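Input: a single structure, listed below in structure tokens.
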Amino acid sequence: MPTTTVLPYDGASGVSSLDMASLLMCAYELGDFINQSAEVADYLYWKEAVQKDEQVKVLTKQFAKAKELFSECERFGRFHPDYHAAKDKVKEIERELDQIEAVKRFKTAEQLVDTMLYDVSRMIAESVSDTIKVPSNEGKTGGCGGGGSCSCGSGGCG
1 MPTTTVLPYD GASGVSSLDM ASLLMCAYEL GDFINQSAEV ADYLYWKEAV QKDEQVKVLT
61 KQFAKAKELF SECERFGRFH PDYHAAKDKV KEIERELDQI EAVKRFKTAE QLVDTMLYDV
121 SRMIAESVSD TIKVPSNEGK TGGCGGGGSC SCGSGGCG
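For the sequence shown, counting from 1, position 40 maps to 40 in the UniProt record's numbering; every step adds exactly one.
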């Protein structure tokens, strides 16, 4: 891997400038290594399997409709007469999706890639400073895979 060069102190900005070309080359090389990993290959395989699965397509359409209905109910909160039924329908369809083998494998592969990317990010950050914060997807639940707030914890299925 090429080495990054630090240029002389730049008095105008108050910090040293990095040789950005060298840094970018290292970043692209690291990206290539990651893209050639077994984890990414597995992720791409299962992603394609999910996209081609007819049962997933049907359930995904049902899921989108149920999620839309729940969003409408959610505007009024739990006091909407259909709120709980709509929320339960979203969770039911999500459970059905999660029972499909391709979806299970895709989510597992996705988590492995996410963990690998986090570990790489953490190593890079810690090589700069032990106190730098590293973004993580841990503990984030978007709800229904679309940023909703139904708290179902779904990441969607691709």
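Glycine is no exception: its CB is placed at the ideal position from the N, C-alpha and C atoms.
This one's a predicted model, so the numbers in the text were calculated from it and none came from an experiment.
CA-to-CA distance, residue j to residue i, given in whole angstroms
{"i": "residue 92", "j": "residue 105", "result": "19 Å"}
{"i": "residue 155", "j": "residue 75", "result": "Only weak support exists for where residue 155 lies, its pLDDT of 47 falling under 50; the coordinates are left without a value."}
{"i": "residue 94", "j": "residue 63", "result": "7 Å"}
{"i": "residue 24", "j": "residue 121", "result": "15 Å"}
{"i": "residue 20", "j": "residue 48", "result": "35 Å"}
{"i": "residue 73", "j": "residue 88", "result": "12 Å"}
{"i": "residue 82", "j": "residue 59", "result": "21 Å"}
Residue nearest to residue i in terms of C-alpha spacing, selected from the options
{"i": "residue 38", "options": "109, 101, 63 and 90", "result": "109"}
{"i": "residue 115", "options": "30, 20, 40 and 36", "result": "40"}
{"i": "residue 100", "options": "28, 112 and 52", "result": "52"}
Close beta carbons around residue i, own chain, < 6 Å, minus the five adjacent residues each side
{"i": "residue 118", "result": "136"}
Where the alpha helix (DSSP H) containing residue i begins and where it ends
{"i": "residue 42", "result": "38-52"}
{"i": "residue 32", "result": "20-35"}
Other residues of its chain near residue i: CB distance less than 8 Å, five sequence neighbours each side excluded
{"i": "residue 34", "result": "40, 116, 117 and 120"}
Contacts around residue i, its chain only, beta-carbon distance under 7 Å, and the 5 residues preceding and following it disregarded
{"i": "residue 113", "result": "39, 40 and 43"}
The ligand ADP heavy atom lying under 7 Å from the CB of residue i
{"i": "residue 20", "result": "With respect to small molecules bound, the structure shown includes none, and the ligand ADP cannot be examined in it."}
Segments assigned alpha helix (DSSP H), at least 4 residues, entirely inside the segment 75-142: 83-98 and 101-128
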